[in-house]
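These notes concern the structure reproduced below.
Numbering (UniProt numbering), first residue to last: 1 to 466.
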């Protein structure tokens with residue numbers, strides 16, 4: 001599940017420029033593919049893990065894989081840009097299927113190891129994203145968009161059937177139930193907020209974008225009050241009072257902004273024609289996917305390495321090191337945009353950072369919740385990263401459209417890419433500072449007993465950094 005679901009977003013990433021050409025749309029329109037996938041994923045990352053808590057892992061996994069299959073069938077049956085948008089939105093609703101592996105393994109493996117559950121799930125997702133890059137790039141050179149999505153749909157039908165047959169049934173836990181009204185309220189404010197942000201980034205602040213942002217913000221405030229008073233909340237906001245959870249949420253939000261620089265910016269840059277834009281390499285969809293392949297494969301390897309230290313209670317430290325690697329990769333790339341080999345080197349360093357940060361964030365949150373609320377822990381990290389991820393792609397899209405190459409409307413100027421990478425690096429540095437510096441200062445200023453009492457959580461005999 002983690003492998004196939006992890007392929008979804010990276011399946012589409014190298015295809016975005018080709019989709020832009022296929023349907024004769026702008027960069028901003030093409031960004032909607034990613035934005036709608038992220039919006040759907042935002043609903044999915046709350047709904048599916050919480051369904052796994054409330055109804056069991058088998059039912060939630062089957063529903064998620066089914067959404068992926070239906071979403072792929074839509075553009076497979078009718079080839080048009082609106083159908084593609086509807087399809088990716090539906091696929092987004094099943095995108096969190098891969099993260100359900102955390103709950104499946106934690107609840108059903110002997111000992112309920114957080115380290116094993118997080119590591120296996122994240123590594124599988126990393127390998128899946130690598131496969132998605134290859135398949136997405138290869139497919140458009142060999143088959144039509146229609147045939148491609150039909151093939152993907154068949155694959156997810158098989159995954160859905162396997163999930164139902166293989167995953168053990170789970171008993172329902174009363175404490176894990178949540179209210180439908182709470183979930184609906186969350187969806188009602190997330191969608192207009194993200195739409196307003198996207199419109200503001202792409203076209204500037206105007207009446208429509210401001211209205212949607214205000215509606216989303218007011219809705220979020222009302223929903224928070226609803227959650228605080230609810231007897232069956234979707235997310236227990238009281239968890240934010242603990243230092244570990246608060247830092248994890250802040251780090252996840254900031255890192256979500258930065259990580260979109262990899263999947264969103266790099267394909268556009270390397271596929272740009274140097275004869276037209278004055279930069280880029282004119283790469284095909286397949287070749288641009290191959291450039292990002294080290295990102296996924298190296299991420300899977302370092303996800304496993306990071307899992308070892310998560311098991312030793314160093315989840316936030318792992319996250320901070322990962323963010324620092326991201327900043328190094330972005331800085332290196334900005335200084336070497338004219339060299340194609342720099343993108344491969346940067347992808348490797350980005351992969352190290354993403355592998356460590358992904359395992360660190362999920363692991364940190366899992367240490368804060370009991371096994372019966374594993375899905376809630378997954379939801380909190382995934383939801384906040386979805387919000388910031390959609391914001392990131394919208395902001396980057398707006399920046400790219402803010403200045404074009406002279407005489408070439410719609411072709412972003414090279415300095416716009418540099419500005420986007422600068423923003424991503426700043427976010428990475430902030431996360432590294434949050435996760436590493438606060439621990440360093442506390443450890444250096446406190447006695448050993450104070451550090452043990454104030455800066456760690458003890459769970460199952462393992463201390464976790466705060």
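Glycine included, every Cβ here is placed at the ideal spot set by N, Cα and C.
- Here the C-alpha atom of residue 277 lies approximately 11 Å from the C-alpha atom of residue 270.
- The residues 385, 388 and 389, in chain order, have a CB closer than 6 Å to that of residue 256 in the same chain once the five nearest residues on each side in sequence are set aside.
- Burial check for residue 66: the Cβ neighbour count within 10 Å reaches 16 or more, so the residue is buried.
- By the 16-neighbour rule on beta-carbons within 10 angstroms, residue 185 is buried.
- Membership of residue 369 in any alpha helix (DSSP H) is not indicated, and neither H nor E is assigned to it by DSSP.
- Setting aside the 5 residues that flank it on each side, residue 363 is surrounded in the same chain by 118, 310 and 315, each with a C-beta closer than 6 Å to its C-beta; the list follows chain order.
- Sorting 266, 294 and 293 by C-alpha distance to the C-alpha of residue 282 places 266 at the top.
- The bridge partners DSSP lists for residue 404 are 412.
- Exclusion of the five residues before and after residue 232 leaves 177, 178 and 179 as the residues of its chain whose Cβ lies within less than 6 Å of its Cβ.
- Three or more pairs of CB atoms, one per stretch, sit closer than 8 Å, so the segment 354 to 373 contacts the segment 294 to 306.
- Separation of residue 241 and residue 365 (C-alpha to C-alpha, rounded to the nearest whole angstrom) is 13 Å.
- Residue burial is scored here from C-beta neighbours: residue 229 has fewer than 16 other C-beta atoms within 10 angstroms and is therefore classed as exposed.
- Proximity to residue 421 across 206, 260 and 339 peaks at 260, based on C-alpha coordinates.
- The Cβ-Cβ distance between residue 158 and residue 57 does not fall below 8 Å.
- The Cβ-Cβ distance between residue 371 and residue 50 does not fall below 8 Å.
- Pairwise C-beta distances place the segment 143 to 155 out of contact with the segment 390 to 404, as fewer than three of them are shorter than 8 Å.
- Taking C-alpha positions only, residue 253 is separated from residue 383 by approximately 9 Å.
- A distance below 8 Å separates the beta carbons of residue 217 and residue 193.
- Here residue 295 is buried: its Cβ has 16 or more other Cβ atoms, across all protein chains shown, within 10 Å.
- For residue 74, same chain residues with a beta-carbon under 6 Å away, outside a window of 5 residues either side, are 83, 86 and 87 in chain order.
- Take residue 55, set aside five residues on each side of it, and no residue of its chain has a beta-carbon closer than 6 Å to its own.
- With contacts defined by Cβ atoms closer than 8 Å, residue 183 and residue 47 form a contacting pair.
- A distance below 6 Å between beta-carbons, with the five flanking residues on each side excluded, links residue 412 to the following residues of its chain, in chain order: 400.
- Under the DSSP assignment, residue 332 falls in the alpha helix (DSSP H) whose first and last residues are 315 to 335.
- Rounded to whole angstroms, the Cβ separation of residue 374 and residue 102 is 6 Å, and the two are in contact under 8 Å.
- In the three-state DSSP reduction, residue 339 falls in the coil class, being neither helix nor strand.
- Look at residue 272 here: in three-state DSSP terms it is coil, with no helix or strand label.
- Shown here for residue 280: same chain residues with a beta carbon closer than 8 Å to its own, the five before and five after excluded, namely 269, 270, 271, 272, 273 and 274 in chain order.
- A residue is called buried when at least 16 other Cβ atoms come within 10 angstroms of its Cβ; residue 207 does not meet this threshold and is exposed.
- Look at residue 109 here: in three-state DSSP terms it is coil, with no helix or strand label.
- Between residue 327 and residue 432, the C-beta gap is smaller than 8 Å, which places the two residues in contact.
- Distance between residue 120 and residue 287, taken at the CA atoms: about 29 Å.
- Distances from the CA of residue 297 to each of 78, 349, 162 and 409 were compared; the closest alpha carbon is that of 349.
- Under the three-state reduction of DSSP, residue 52 is assigned to helix.
- Per DSSP, residue 168 lies in no alpha helix (DSSP H) and is assigned neither H nor E.
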